[in-house]
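Student:
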Amino acid sequence: MFYDPAKVRQWWNQIKWFYEEMYFVPYRRTMLKEIQNEEDLFKLLALCETLGVPNPVSYYTLELIPFMVEDFHQWHQRMGMEKSPLEGFKCC
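Numbered per full-length UniProt numbering, the sequence shown spans residues 1 to 92.
1. Where ARG28 and PHE42 are concerned, what is the direct C-alpha to C-alpha distance, given to the nearest angstrom?
2. Tell me, please, whether the segment 41-58 touches the segment 75-89 by the rule of three or more beta-carbon pairs shorter than 8 Å.
3. To the nearest angstrom, report how far apart ASP4 and PRO26 are at their CA atoms.
4. Hey, could you find the ends of the alpha helix (DSSP H) GLU63 is sitting in?
5. Tell me whether THR30 is buried or exposed, calling it buried when 16 or more other Cβ atoms sit within 10 Å of its Cβ.
6. List in chain order: all unbroken beta strand (DSSP E) runs of 3+ residues lying wholly within the segment 21-85.
7. Please list, in chain order, all residues of the same chain as PHE72 whose beta carbon is under 7 Å from its beta carbon, the five residues on each side excluded.
8. For PHE2, which of helix, strand or coil comes out of DSSP?
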């Protein structure tokens with residue numbers, strides 16, 4: 001009985017991939033949620049000056065605002081704000 005080593009290797013890789021996914025899926029979801037929470041906190045700290053809270057490092061965080069504009073709409077909706085809290089910035 002002859003077997004093809006390439007097929008056996010492919011079959012083994014599929015089994016390995018399946019078990020790795022079964023093991024890592026719950027952790028991946030938890031890590032993505034934690035990353036999102038950290039990003040939300042960072043955005044809150046970086047944008048606190050524009051929300052009316054004094055920020056001692058506003059000079060440095062002002063440079064980061066253009067990078068945060070892309071997902072600002074999703075962020076303020078996750079924070080429970082229906083409309084944009086910034087007066088000069090309308091995203092909704």
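Every residue, glycine too, gets a C-beta built ideally from N, C-alpha and C.
Tutor: Well, looking at it:
1. By one-based count along the sequence shown, residue 28 stands at place 28. By one-based count along the sequence shown, residue 42 stands at place 42. Those two C-alpha atoms are separated by around 21 Å.
2. Taking a cut-off of 8 Å for Cβ pairs, the segment 41-58 and the segment 75-89 touch, as three or more such pairs fall below it.
3. Taking the sequence shown and counting its residues from 1, the one referred to as residue 4 is at position 4. Taking the sequence shown and counting its residues from 1, the one referred to as residue 26 is at position 26. Here the alpha carbons of PRO26 and ASP4 stand approximately 35 Å from one another.
4. Against the sequence shown, residue 63 aligns to sequence position 63. That residue, GLU63, is in no alpha helix (DSSP H); it is neither H nor E in DSSP.
5. If you number the sequence shown from 1, residue 30 lands on position 30. The residue is exposed, with fewer than 16 neighbouring Cβ atoms inside 10 Å.
6. None, since the segment 21-85 contains no complete beta strand (DSSP E) of that length.
7. Counting from 1 along the sequence shown, the entry for residue 72 is found at position 72. Excluding sequence neighbours, PHE72 sits near CYS91.
8. Position 2 of the sequence shown, counted from the first residue, corresponds to residue 2. Under the three-state reduction of DSSP output, PHE2 falls in the coil class, being neither helix nor strand.
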